[in-house]
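Under the working numbering, the letters of the sequence shown match residues 74 to 166, in that order. Report on the structure given below.
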Amino acid sequence: MRRFKDPGTEEVSHSRFCEVFPEEIRTEAHETIRLLMAATSLQDVGVIGKISRWANYPGKFGLCIQRRWFVTFKWSDDFGAYEIGIERRHSSE
């Protein structure tokens, strides 16, 4: 299992800096990802914020970080959060 969906998200999780994502979301994304990686259950994740499900992508969850920006992830009871990414969700999803 891959912990991160892409190198940009991994870079934000470690350093808060990555030119791929807008500056205004990086700090909040960094903090959310760090908490998400420490979570041991989906119940723990729910304490971070409201968990959104992606209707067209079974097993994919998201935590809103700024209006339409989300930290997305899949969950395994054995591994925790994986395929963590930062995505902009469009109104049609």
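No residue lacks a Cβ here, since even glycine has one placed at the ideal position from N, Cα and C. All values derive from a computational prediction rather than experimental measurement.
- With respect to tryptophan 127, lysine 133 sits close: the two C-beta atoms are nearer than 8 Å.
- Arginine 99 is classed as buried because its beta carbon has at least 16 other beta carbons within 10 Å across all chains shown.
- The beta carbon of glycine 81 lies closer than 8 Å to those of Cys91, Val93, Phe94, Ile159 in the same chain, with the five residues before and after it left out.
- Non-local beta-carbon contacts of threonine 105 in its own chain, meaning distances under 8 Å to residues more than five positions away in sequence, involve Ile121, Gly122, Leu136, Ile138, Val144 in chain order.
- Scanning its chain for C-beta atoms nearer than 8 Å, with the 5 sequence neighbours on each side dropped, one finds around serine 149 the residues Met74, Tyr155, in chain order.
- As a beta-bridge residue in DSSP terms, threonine 145 pairs with Gly135, Gly158.
- When the alpha-carbon of glycine 153 is set against those of Glu101, His87, Thr113, Pro131, the nearest one is in Thr113.
- Pairing leucine 109 with isoleucine 157 gives a Cβ-Cβ distance under 8 Å.
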